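What follows is a single structure, written as structure tokens, with notes after it.
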Amino acid sequence: MTDARDHTLDGTRGTIAVREWPHPRPRYVALLAHGYGEHIGRYAPVAEVLTAHGAAVFGPDHTGHGRSAGERVVIEDFEDVVTDVRAVAELSRTAHPDVPAVLVGHSMGGLIAARYAQRYGATLTALVLSGPVIGPWETPARLLAEAGRHGEVPDVPVSPAALSRDPAVGASYAADPLVWHGPMKRPTLKAFVRTLATVADGGSVAPLPLLWLHGDDDRLVPSPGSRTGVRRLAGDGPLTERIYPGARHEVFHETNKAEVFADLIRFLDGVLAT
Numbered sequence: 009m010t011d012a013r014d015h016t017l018d019g020t021r022g023t024i025a026v027r028e029w030p031h032p033r034p035r036y037v038a039l040l041a042h043g044y045g046e047h048i049g050r051y052a053p054v055a056e057v058l059t060a061h062g063a064a065v066f067g068p069d070h071t072g073h074g075r076s077a078g079e080r081v082v083i084e085d086f087e088d089v090v091t092d093v094r095a096v097a098e099l100s101r102t103a104h105p106d107v108p109a110v111l112v113g114h115s116m117g118g119l120i121a122a123r124y125a126q127r128y129g130a131t132l133t134a135l136v137l138s139g140p141v142i143g144p145w146e147t148p149a150r151l152l153a154e155a156g157r158h159g160e161v162p163d164v165p166v167s168p169a170a171l172s173r174d175p176a177v178g179a180s181y182a183a184d185p186l187v188w189h190g191p192m193k194r195p196t197l198k199a200f201v202r203t204l205a206t207v208a209d210g211g212s213v214a215p216l217p218l219l220w221l222h223g224d225d226d227r228l229v230p231s232p233g234s235r236t237g238v239r240r241l242a243g244d245g246p247l248t249e250r251i252y253p254g255a256r257h258e259v260f261h262e263t264n265k266a267e268v269f270a271d272l273i274r275f276l277d278g279v280l281a282t
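When you line the sequence shown up against the working numbering, it's residues 9 to 282, in that order.
What follows is the structure, encoded as structure tokens:
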């Protein structure tokens, strides 16, 4: 695999670290949006698959995450994060001005990607959502209610075992110094609540082709709630759903990841051929 390159952009709330997995003659650009508490470096396996398929891949550490500026895991407004992703897209467009772009968002990154598609869908050829935080996701409102009663947000860290049936994935996550292992923070919870409502009310992204990937044993972001949000977002546009029996939250790191990547590539082949 080609060595990754690192860039730094001026984001809406400080510097944003961006990683590029280059391709000498890409057929398309893939933008990656990572999930809550993690960082873009965990997406190297996804980037490897996409570069082998002919993509140049770009993805930021969102504000407050990874190597980017900001108080850890504090996102006060997801609209700013979407604007930061747009800056990454412009960086990729400068390097590769004449190729299509696809956006892949996981978990919190799925919420960011959904809102990005509502704002900038005309610039995309396809949208991919993996375990997306979209629709009636109850966790932020529940934690805020508990914080209101007890004075602080409960410390309910992500269980590494909830990520994948592969224990090595959880062990790597637990040992990663760039992953946040503490409690969620009030501003971020409030921003989640607002943006879930914004996306719900923001209309569909049709006719943009949308691929939805989800594990049916995802306990962090259960698939029934996401289904409501995804179908509203797709509207009457083309929607492809792949729900994997027994899979947990991070389908790109799951024991059946070869199947997941094959579904991803099949979808991209279809949209890039049109």
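Ideal Cβ positions, reconstructed from N, Cα and C, are used throughout, including at glycine.
Predicted model, so just to flag it, every value in this text is computed and none were measured.
For residue i, which three-state DSSP category applies?
i, result
"residue 252", "strand"
"residue 17", "strand"
"residue 261", "helix"
"residue 138", "strand"
"residue 247", "strand"
"residue 223", "strand"
"residue 218", "strand"
"residue 197", "helix"
"residue 178", "helix"
"residue 232", "helix"
"residue 191", "coil"
"residue 132", "coil"
"residue 212", "coil"
"residue 12", "coil"
"residue 77", "coil"
"residue 166", "coil"
"residue 282", "coil"
"residue 185", "coil"
"residue 51", "helix"
"residue 156", "helix"
"residue 84", "coil"
"residue 124", "helix"
"residue 56", "helix"
Residues in the same chain with beta-carbon distance under 6 Å from residue i, minus the five sequence neighbours each way, listed in chain order, please.
i, result
"residue 100", "37 and 66"
"residue 70", "89"
"residue 169", "178"
"residue 140", "118 and 234"
"residue 249", "220"
"residue 134", "110, 217 and 279"
"residue 123", "90 and 207"
"residue 152", "197"
Quick one: residues in its chain with C-beta nearer than 7 Å to the C-beta of residue i, no 5 flanking neighbours on either side, listed in chain order?
i, result
"residue 145", "204, 229 and 233"
"residue 132", "109, 110, 111, 125 and 216"
"residue 104", "34, 37 and 64"
"residue 12", "27, 28 and 29"
"residue 129", "213 and 216"
"residue 196", "81, 82 and 83"
"residue 58", "38 and 65"
"residue 107", "34, 35, 36 and 37"
"residue 78", "21, 22, 71 and 72"
"residue 148", "197, 200 and 201"
Could you tell me which residues DSSP pairs with residue i in its beta bridges?
i, result
"residue 68", "26"
"residue 36", "63"
"residue 109", "37"
"residue 272", "None; residue 272 has no bridge partner."
"residue 114", "138"
Rounded to whole angstroms, how far is the Cβ of residue i from the Cβ of residue j, which I believe are closer than 8 Å?
i, j, result
"residue 173", "residue 262", "6 Å"
"residue 208", "residue 237", "7 Å"
"residue 113", "residue 41", "4 Å"
"residue 76", "residue 19", "7 Å"
"residue 218", "residue 247", "5 Å"
"residue 359", "residue 257", "As shown, the chain starts at 9 and ends at 282. That puts residue 359 outside it, with no answer to give."
"residue 80", "residue 188", "6 Å"
"residue 136", "residue 241", "Residue 136 to residue 241, Cβ: 12 Å. No contact."
"residue 47", "residue 31", "With 8 Å as the limit, residue 47 and residue 31 do not qualify as a contact, their Cβ atoms being about 22 Å apart."
"residue 202", "residue 161", "The Cβ separation is near 17 Å, so there is no contact."
"residue 166", "residue 45", "6 Å"
Residues in the same chain with beta-carbon distance under 8 Å from residue i, minus the five sequence neighbours each way, listed in chain order, please.
i, result
"residue 211", "126 and 243"
"residue 96", "17, 24, 26, 39, 66, 67 and 68"
"residue 259", "138, 139, 221, 222, 223, 252, 265 and 268"
"residue 185", "none"
"residue 245", "212, 213, 214, 215, 216, 217 and 218"
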